[in-house]
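Participant: Take any residue in the sequence shown, note its place counting from 1, add 44, and you have its number in the working numbering.
Built from N, CA and C at the ideal position, the CB exists for glycine as well.
What you are looking at is a predicted structure, and each value in this text was computed from that prediction instead of being measured.
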Amino acid sequence: MKKLLADYLDLPDSTNLEEYLDVIYAMEEEIEDLQIVFKKNKLCKKCLSFHPNTNCKSKYNCFMCGDSHNSLLHDDSKINNKNNSCREEEDTPLSAPPHSSSTTQVEQTTTSFCCSTFFNRKSILLCTARVFILNKENKFVPVRAILDSASEINIISSDCANFLGLKKEKLFLPVSGICGSTQNASRKVTTSLSNLNENYQWDIELMVLPKITDFSPATRLDVSNLKIPENIQLADETFYIPQKVDLLLGCELFFEFIKADKIRLNDSRLILQDTCFGYIVAGSTEPNSQINNATSHCFLSRGMDTLDKTLRPFWEIENVTCDSSPISEELNYCNEHYEKAHYRNSEGRYVVQMPFKPEIEKISLGDSYQMASKRLNNLWKRLNRDPTMKFLYSEFL
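(1) Please look up how many angstroms separate the CB atoms of D290 and V219, rounded, as I've assumed it's under 8 angstroms.
(2) Distance check for T432 and L423, CA to CA, integer angstroms please.
(3) Residue ranges of each alpha helix (DSSP H) run of no fewer than 4 residues wholly in the segment 268-338, ordered along the chain?
(4) Taking DSSP as the reference, what is the three-state secondary structure of R388?
(5) I need the DSSP call for S195, collapsed to helix, strand or coil.
(6) For L208 and E242, I'd like the C-alpha separation in whole angstroms.
(7) Please list the terminal residues of the continuous beta strand (DSSP E) segment that includes A262.
(8) Would you mind stating whether Q112 and N99 have Cβ atoms separated by less than 8 angstroms?
(9) Between the segment 308-318 and the segment 192-211, are three or more C-beta pairs nearer than 8 angstroms?
(10) Can you check which of these residues, V325, V233 and K303, is closest to K271 by C-alpha distance?
(11) Could you name the residues of the same chain whose beta carbon sits closer than 6 angstroms to that of A189, not counting the 5 residues immediately before and after it, in chain order?
(12) Alpha carbon to alpha carbon, how far is Y382 from L427? Give it in angstroms, no decimals.
(13) Where E74 and Q277 are concerned, what is the direct C-alpha to C-alpha distance, given to the nearest angstrom?
(14) Taking Cβ to Cβ, would you say F283 is nearer than 8 angstroms to S193?
(15) Could you tell me which residues DSSP pairs with E175 in its beta bridges?
(16) Quick one: what does DSSP say L92 is sitting in, helix, strand or coil?
(17) Helix, strand or coil for L250 per DSSP?
(18) Buried or exposed: A205, going by 16 or more other Cβ atoms within 10 Å of its Cβ?
(19) Could you name the residues of the same chain whose beta carbon sits closer than 8 angstroms to that of N114, not counting the 5 residues immediately before and after it, in chain order?
(20) Using only CA atoms, which one of Y104, K101 and I168 lies nearest to S312?
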């Protein structure tokens with residue numbers, strides 16, 4: 045334990061090394077004793093410095109369990125106890141419901157979800173590739189991507205989007221994943237995707253999220269026994285080294301990437317699959333004791349319809365399209381009448397005579413002047429009796 049701490053501690057320049065190590069070397073190999081010594085000497089469990097945890101500015105937690113302490117102070121026994129209690133709770137049968145008068149009985153079941161540590165489990169290699177994204181200077185820049193056929197959308201990390209200088213557009217898109225977990229995407233970018241030779245290119249829309257996943261793979265893998273053919277080009281030459289993931293390319297383009305050739309390595313579960321970016325390495329390796337506490341990655345993302353989009357059809361007016369009817373003789377007559385009869389008066393208004401059908405002149409309307417004059421006089425008498433109505437009538441005219 046002493047050598048482990050001495051090898052991994054990153055000491056500040058202002059720290060007295062002898063005084064610091066005197067406290068550290070006083071620790072025993074048991075984690076519980078270390079906790080007591082840290083509490084007694086008021087040491088920080090995150091950065092192993094002389095200040096309380098509450099004053100620590102370090103943003104890093106234990107990479108094995110995610111708790112707020114240094115990875116050197118990780119205690120496997122606590123994780124195992126949590127997993128055992130989780131499994132016991134899941135295996136405990138539910139109490140039988142009381143019998144009812146009905147002859148139909150419904151069996152009640154429940155499902156418990158817990159994060160567990162798998163011992164000596166296999167390491168799963170995800171489909172990673174080096175792809176090229178067009179930046180703001182119209183240059184293709186290499187980034188690391190995961191090819192995921194279970195995702196409905198394409199995702200880019202915010203750090204990568206800022207590095208490329210891509211223009212972000214506002215949107216609101218809830219992104220749903222495993223167990224219904226939701227992350228809201230508020231920005232998107234549109235750019236072009238290409239391979240190394242630039243003989244394949246796609247226009248692509250990427251949702252911007254703060255982070256896609258942790259390093260992938262979780263630990264460095266031993267590839268000395270893998271007999272990869274020398275005549276093939278890998279899509280990700282450093283697939284076995286833990287690295288950050290910049291992109292997640294979903295099902296929209298996934299099967300456009302895939303080619304026909306496939307190679308199985310050493311009769312194992314590792315497969316080389318040919319793609320337009322080169323051969324991707326995917327599958328599982330033999331159990332490795334170094335990945336006991338490694339995090340499992342599961343990508344399943346789909347864009348959900350927002351409430352605004354769901355309710356919008358209820359108040360949007362349908363656009364009814366009608367076929368244009370053939371021009372009739374009457375319409376031609378009206379157009380010709382407008383061109384001949386319209387003019388603009390001194391007030392700037394357009395004046396046009398009412399178009400009458402040619403045969404209307406032959407019809408005798410009779411003596412209608414007396415009747416129209418009588419009705420007009422009656423209207424004026426009525427308006428004179430009601431000044432309010434007269435005012436409104438005048439304003440209307």
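Facilitator: In terms of the structure at hand:
(1) Residue mapping note: residue 290 aligns to position 246 of the sequence shown, counting from 1. Residue mapping note: residue 219 aligns to position 175 of the sequence shown, counting from 1. So it is not a contact: roughly 17 angstroms between Cβ atoms.
(2) What you label residue 423 is simply residue 379 of the sequence shown in a count that begins at 1. What you label residue 432 is simply residue 388 of the sequence shown in a count that begins at 1. Near 14 angstroms, if we compare the C-alpha coordinates of T432 and L423.
(3) 295-301
(4) The count along the sequence shown starts at 1 and reaches residue 388 at position 344. Correct three-state label for R388: strand.
(5) The residue you call residue 195 lines up with position 151 of the sequence shown. Reduced to three states, the DSSP call for S195 is coil.
(6) To locate residue 208, count along the sequence shown from 1; it is residue 164. To locate residue 242, count along the sequence shown from 1; it is residue 198. Approximately 18 angstroms between the Cα atoms of the pair.
(7) For this step, residue 262 is matched to residue 218 along the sequence shown. No beta strand (DSSP E) holds A262; DSSP gives it neither H nor E.
(8) Here residue 112 refers to the residue found at position 68 of the sequence shown. Here residue 99 refers to the residue found at position 55 of the sequence shown. Inspection of the sequence shows that residue 112 is occupied by Ser rather than by Gln. Result no, Cβ atoms of S112 and N99 do not sit closer than 8 angstroms.
(9) no
(10) By 1-based counting over the sequence shown, the position of residue 271 is 227. Out of V325, V233 and K303, V325 has the C-alpha closest to the C-alpha of K271.
(11) As a working mapping, residue 189 is identified with position 145 in the sequence shown. Cβ neighbours of A189 beyond the five flanking positions: A173, V175, L291 and L293.
(12) Here residue 427 is taken as the residue at index 383 of the sequence shown, counted from 1. Here residue 382 is taken as the residue at index 338 of the sequence shown, counted from 1. Each residue's alpha carbon lies about 37 angstroms from the other.
(13) Indexing the sequence shown from 1 puts residue 74 at position 30. Indexing the sequence shown from 1 puts residue 277 at position 233. Bear in mind that a pLDDT of 48 at E74, under 50, signals an unreliable position, so the model cannot answer this.
(14) In the sequence shown, the residue the question calls residue 283 occupies position 239. In the sequence shown, the residue the question calls residue 193 occupies position 149. Their beta carbons are not under 8 angstroms apart, which means F283 does not touch S193 by this criterion.
(15) Counting from one through the sequence shown, the residue named residue 175 turns up at place 131. Note that residue 175 corresponds to Val in the displayed sequence, not to Glu. Answer by DSSP bridge pairing, in chain order: V187.
(16) Here the question's residue 92 lines up with position 48 in the sequence shown. The answer is coil: DSSP assigns L92 none of H, G, I, E or B.
(17) To locate residue 250, count along the sequence shown from 1; it is residue 206. Residue state, collapsed to three classes: strand.
(18) Walking along the sequence shown from the start, residue 205 turns up at place 161. Counting Cβ neighbours within 10 Å, A205 comes out buried, since at least 16 surround it.
(19) Within the sequence shown, the letter at position 70 stands for residue 114. The answer, listed in chain order, is K89, K90, C91, L92 and C106.
(20) For this step, residue 312 is matched to residue 268 along the sequence shown. The shortest C-alpha separation from S312 is found at I168.
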